[in-house]
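In the working numbering, the protein residues as written are 10 to 242.
Here is the structure we will look at.
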């Protein structure tokens with residue numbers, strides 16, 4: 010059975026929802042996990058579940074200095090970095106006409122700039138390990154919908170960034186994965202459907218990506234819930 014014994018991962022947006030589920034799954038599989046988010050209290054609570062394996066580090070991924078401090082802490086504590094999971098994200102949904110500039114900037118900063126910064130500063134450590142980058146995008150990175158102008162734009166941008174990373178890091182054998190889940194039963198969505206994906210199901214997909222057999226890359230995966238017949242149009 011595949012495991013991550015001896016591997017070191019950074020997971021952003023790790024204090025709750027999908028990020029916490031990925032952190033737990035990695036810890037269960039033997040990895041040392043640097044859990045990053047803005048909420049220190051939630052990170053500390055999560056780390057108590059696996060105190061020998063989870064290192065909680067408060068970090069705002071939009072701030073370059075904090076990202077660099079996060080990476081420095083990971084290397085100083087565990088010696089290397091094998092996996093980077095860019096999960097931190099935010100959604101603000103409104104028509105373009107009504108969307109505020111503040112909400113637009115927040116989505117671009119967290120959903121796109123944050124990934125740029127973590128990748129930029131982690132890549133030098135991933136190359137020697139022939140490691141993994143997992144970018145959590147969304148179905149909204151592949152299709153648009155009314156009210157999703159800012160969110161879709163940030164996730165479409167993330168898809169493009171992931172493709173560039175794939176091309177740039179191919180020669181270094183760093184594997185770049187992009188996961189595009191549909192609605193997940195977390196507090197990211199105000200009213201998720203009863204049949205929406207569970208965070209643990211999506212975390213298992215991330216696990217599958219980073220434990221794939223040698224020579225196999227899950228480059229882009231769209232993950233949707235199976236809609237029960239009574240909810241189908």
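Note that the Cβ used here is the ideal one computed from N, Cα and C, for glycine as well.
Fair warning: this is a prediction, and the values are worked out from it, not measured in the lab.
Taking a C-beta distance under 8 Å as the contact criterion, residue 195 and residue 27 qualify as a contact pair. Taking a C-beta distance under 8 Å as the contact criterion, residue 188 and residue 230 qualify as a contact pair. Separation of residue 23 and residue 58 (C-alpha to C-alpha, rounded to the nearest whole angstrom) is 13 Å. DSSP places residue 26 within a helical segment (H, G or I) once states are collapsed to three. A straight line joining the alpha-carbon of residue 155 with that of residue 104 spans about 7 Å. As far as DSSP is concerned, residue 75 takes part in no beta bridge. Going by beta carbons, residue 204 and residue 165 fall outside the 8 Å limit. Selection 101, 138 and 122 evaluated against residue 160 yields 101 as nearest (Cα-Cα). Of 33, 232, 184 and 60, the smallest CA-CA separation from residue 192 is found for 232. By the 16-neighbour rule on beta-carbons within 10 angstroms, residue 150 is buried. For residue 170, the enclosing alpha helix (DSSP H) has its first and last residue at 158-178. C-alpha of residue 223 to C-alpha of residue 76: approximately 30 Å in a straight line. When secondary structure is reduced to three states using DSSP, residue 229 falls in the strand class.
Its chain contains 41, 42, 43, 44, 56, 82, 83, 86 and 87 as the residues whose beta carbon lies nearer than 8 Å to that of residue 64, once the 5 sequence neighbours on both sides are disregarded; these appear in chain order. By the 16-neighbour rule on beta-carbons within 10 angstroms, residue 97 is buried. In this structure, residue 122 lies near residue 71, with their beta-carbon atoms less than 8 Å apart.
In the DSSP assignment, residue 131 falls within the unbroken alpha helix (DSSP H) covering 123-138. Looking at the DSSP output, residue 42 bridges to 18 and 63.
The Cβ atoms of residue 173 and residue 144 lie no closer than 8 Å to each other. Annotation for residue 217: the continuous alpha helix (DSSP H) segment containing it runs 208-219. If you check the CB distance, residue 29 and residue 92 do not come in under 8 Å. It is roughly 7 Å from the alpha-carbon of residue 178 to the alpha-carbon of residue 184.
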